[in-house]
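Novice: Once you've had a glance at the structure underneath, I'll fire off some questions.
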Amino acid sequence: EAGVTQSPTHLIKTRGQQATLRCSPISGHTSVYWYQQALGLGLQFLLWYDEGEERNRGNFPPRFSGRQFPNYSSELNVNALELEDSALYLCASSLPRPRDLNSPLHFGNGTRLTVT
Amino acid sequence: AQSVAQPEDQVNVAEGNPLTVKCTYSVSGNPYLFWYVQYPNRGLQFLLKYITGDNLVKGSYGFEAEFNKSQTSFHLKKPSALVSDSALYFCAVRALNSGNTPLVFGKGTRLSVIA
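So the sequences go chain by chain: A and B. If you count the first sequence from 1, position 35 lands on 348 in our numbering, and the numbers rise without skipping. If you count the second sequence from 1, position 29 lands on 42 in our numbering, and the numbers rise without skipping.
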């Protein structure tokens, strides 16, 4: 089966611009998670979408937003980019709750966002 | 609140020696525990999980982990390390009754296996 796919692989933006990152989940998975992996900070939870709705949101400012489409793919938008937004953004997918509770998340290879 | 601690940023081990990567957790109620590995410029790959049952869990690539409820630990182990095991390892937890709480990850431990 095809895995989680993310695009673009790399994205270079300047401070103040907007970035859009995309994710396609594994077929049959309806939940999509976004995590930020900044140097030295591990994985920080950003957003969780399931069946088109936002289920939970991490401790990030409102300029981080997203949505999930009817085909369960997802977009992460980051407005007014700041230098500290430079990170690897990882998308993961899973079956919907509660079936996902004892199942692992499946991760894409990420989008490397660089803000200059 | 759920949390995971990986007390070592870096673990160095000689090839052929046993390795241990430490993880402790905090949740309300029973935990679901996971280990993932990340190779350079890649996403996270699932290694193994503890849901219930036997405290010793076996996973991919010869890795295993031991769940210890009294010490709230879930250390990752391998009897004989390979150079190809060098990577970044993440422990993660969610509670059995976690509602809409997502999987929480530790900060990662970088494993370096030296030939």
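All C-beta atoms in this analysis are idealised placements derived from N, C-alpha and C, irrespective of residue type, glycine included.
Have a look at residue 78/B and residue 62/B and give me their C-alpha separation to the nearest angstrom.
Specialist: Here the question's residue 78/B lines up with position 65 in the second sequence. Here the question's residue 62/B lines up with position 49 in the second sequence. Straight-line Cα distance between these residues: approximately 8 Å.
Novice: Taking the alpha-carbon of residue 315/A as reference, which of 339/A, 321/A, 375/A has the nearest alpha-carbon?
Specialist: One-based indexing of the first sequence puts residue 315/A at position 2. Selected option, being the one with the closest Cα: 339/A.
Novice: Just curious, the beta strand (DSSP E) that residue 368/A is in, first and last residue?
Specialist: Taking the first residue of the first sequence as 1, we reach residue 368/A at position 55. Run containing residue 368/A: 366-370, per the beta strand (DSSP E) assignment.
Novice: Between which residues of its own chain and residue 32/B is the CB-CB distance below 6 Å, once the five residues before and five after are set aside?
Specialist: Along the second sequence, read from residue 1 onward, the residue named residue 32/B stands at position 19. So the qualifying residues of the chain are 26, 91, 94.
Novice: For residue 118/B versus residue 105/B, is the C-beta spacing smaller than 9 Å?
Specialist: By 1-based counting over the second sequence, the position of residue 118/B is 105. By 1-based counting over the second sequence, the position of residue 105/B is 92. Yes, these two residues count as a Cβ contact at 9 Å.
Novice: Does residue 7/B pass the burial test, meaning 16 or more other C-beta atoms within 10 Å, or should it be called exposed?
Specialist: Residue 7/B lies beyond the stretch modelled for chain B, which goes from 14 to 128, so this question has no answer here.
Novice: Interface residues of chain A around residue 44/B at Cβ under 7 Å?
Specialist: Locating residue 44/B in the second sequence gives position 31, where the first residue counts as 1. Within 7 Å Cβ-Cβ: nothing; residue 44/B doesn't reach chain A, min ~11 Å.
Novice: Check the C-beta distance from residue 426/A over to residue 116/B and give it rounded, since I have them as a contact under 8 Å.
Specialist: For the purposes of this step, residue 426/A is taken as residue 113 along the first sequence, with counting starting at 1. For the purposes of this step, residue 116/B is taken as residue 103 along the second sequence, with counting starting at 1. So it is not a contact: roughly 22 Å between Cβ atoms.
Novice: Tell me the DSSP bridge mates of residue 373/A?
Specialist: The count along the first sequence starts at 1 and reaches residue 373/A at position 60. The partner list for residue 373/A (beta bridge, DSSP) is empty, contrary to what the question assumes.
Novice: Where does residue 363/A fall in DSSP's three states?
Specialist: Walking along the first sequence from the start, residue 363/A turns up at place 50. Here residue 363/A sits in strand by DSSP.
Novice: Between the region 386-399 of chain A and the region 330-337 of chain A, are three or more C-beta pairs nearer than 8 Å?
Specialist: Result yes; three or more Cβ-Cβ pairs closer than 8 Å.
Novice: Could you round the C-beta distance between residue 382/A and residue 405/A to whole angstroms and report it? I think they count as a contact, below 8 Å.
Specialist: Translated into positions along the first sequence, residue 382/A becomes position 69. Translated into positions along the first sequence, residue 405/A becomes position 92. 17 Å between Cβ atoms; not a contact.
Novice: Using a Cβ-Cβ cut-off of less than 7 Å, list which residues of the region 399-420 of chain A approach chain B; keep chain order.
Specialist: Answer in chain order: 403, 414, 415, 417, 418, 420.
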